[in-house]
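Residues in the sequence shown are numbered consecutively from 558, following our numbering.
All C-beta atoms, glycine included, are put in the ideal place defined by N, C-alpha and C.
Computed from a predicted structure; not experimentally measured.
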Amino acid sequence: MGAAFEKHQRRSIRLAGYDYAQAGAYFMTICTHERECLFGEVVEGEMRLSEYGAIVREEWFRSAVIRAEIELFDDEFVVMPNHIHGIVWIVDSVGATGHVGATGHVGATGHVGATGRSPLHNTPHGPAPRSLSSFVAGFKSAVTKRINEQRGTPGAPVWQRNYYEHIIRNDESLNRIRAYIMTNPINWDGDKENPYGKR
């Protein structure tokens with residue numbers, strides 16, 4: 558394949574005109590570089606985190622503490638050996654329409670928008686502040702820095718360049734995705750991300 562094809566492959570495939578900073582729920586999948594199994598192993602249907610997997614989990618939830626526009630919930634996140642799945646809630650300020658409460662549901666006026674599952678990239682000038690891209694960039698950077706400090710590999714990639722997102726539009730989709738996240742370790746043997754799995 559030529560350089561033009563590779564350049565085209567690196568472009569964002571975001572939904573045209575969609576504002577990824579607006580309030581809503583986004584299902585995320587982020588894979589490790591070359592799908593390397595860094596974060597632990599699945600034993601008898603249960604994920605056992607390595608020291609690197611523990612860093613990933615810690616930084617995921619730390620992201621909600623340092624970013625007021627982000628809410629994350631424990632039953633909406635899983636670290637797998639070579640990828641993560643999670644739901645990211647981008648919320649308006651407290652009291653604004655579309656605020657996401659402790660139930661994890663978008664309020665009646667909280668429009669979520671179109672749906673799609675696409676690999677996303679940062680814009681040429683970097684991610685927009687308070688957006689999904691900004692959250693992912695910060696999370697990936699924090700994890701990469703800490704893991705590389707521990708393994709003594711400064712500058713080595715930990716993550717794939719892209720990530721995948723799906724805009725969650727309703728409770729039915731939300732509940733289906735939550736179940737998928739929570740059962741991911743049980744289904745690891747048949748997971749398409751499992752380099753040793755039975756597909």
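As the crow flies, the alpha-carbon of Gly597 is around 22 Å from that of Phe584.
Put simply, the backbone Cα of Tyr737 is about 10 Å away from that of Gly643. Along the region 607-637, the beta strand (DSSP E) occurs as fully enclosed runs of 3 or more residues at 634-636, listed in sequence order.
Counted as a single uninterrupted DSSP element, the alpha helix (DSSP H) harbouring Phe696 occupies residues 689-708. When beta bridges are read from the DSSP output, Glu603 appears opposite Val600. Judged by DSSP secondary structure, Tyr721 falls within the beta strand (DSSP E) whose first and last residues are 720-725.
When beta bridges are read from the DSSP output, Met585 appears opposite Gly643, Glu722. By the beta-carbon neighbour count (other beta carbons within 10 angstroms, threshold 16), Phe618 is exposed. When the five nearest sequence neighbours on each side are left out, the beta carbons in the same chain lying within less than 6 Å of the beta carbon of Ala582 are those of Ile644, Trp646, Ile725, in order along the chain. For Leu731, the enclosing alpha helix (DSSP H) begins and ends at 728-740.
Annotation for Ala699: Glu616 place their beta carbon closer than 6 Å to its own, counting only its chain and skipping 5 residues before and after. Buried is the label assigned to Val693, since at least 16 other Cβ atoms lie within 10 Å of its Cβ. When DSSP reads this structure, Trp745 sits in no beta bridge, so it has no partner.
The residue from Asp728, Ala611, Pro711, Arg708 with its alpha-carbon nearest to that of Ile641 is Ala611. A residue is called buried when at least 16 other Cβ atoms come within 10 angstroms of its Cβ; Arg614 meets this threshold and is buried. By the neighbour-count criterion, in which 16 or more other beta carbons inside 10 Å mark a residue as buried, Pro742 falls on the buried side. Counting of Cβ neighbours within 10 angstroms places Asn751 among the buried residues, the total reaching 16 or more.
Between the beta-carbon of Leu606 and that of Val636 there is about 6 Å, and that keeps the pair under the 8 Å contact cut.
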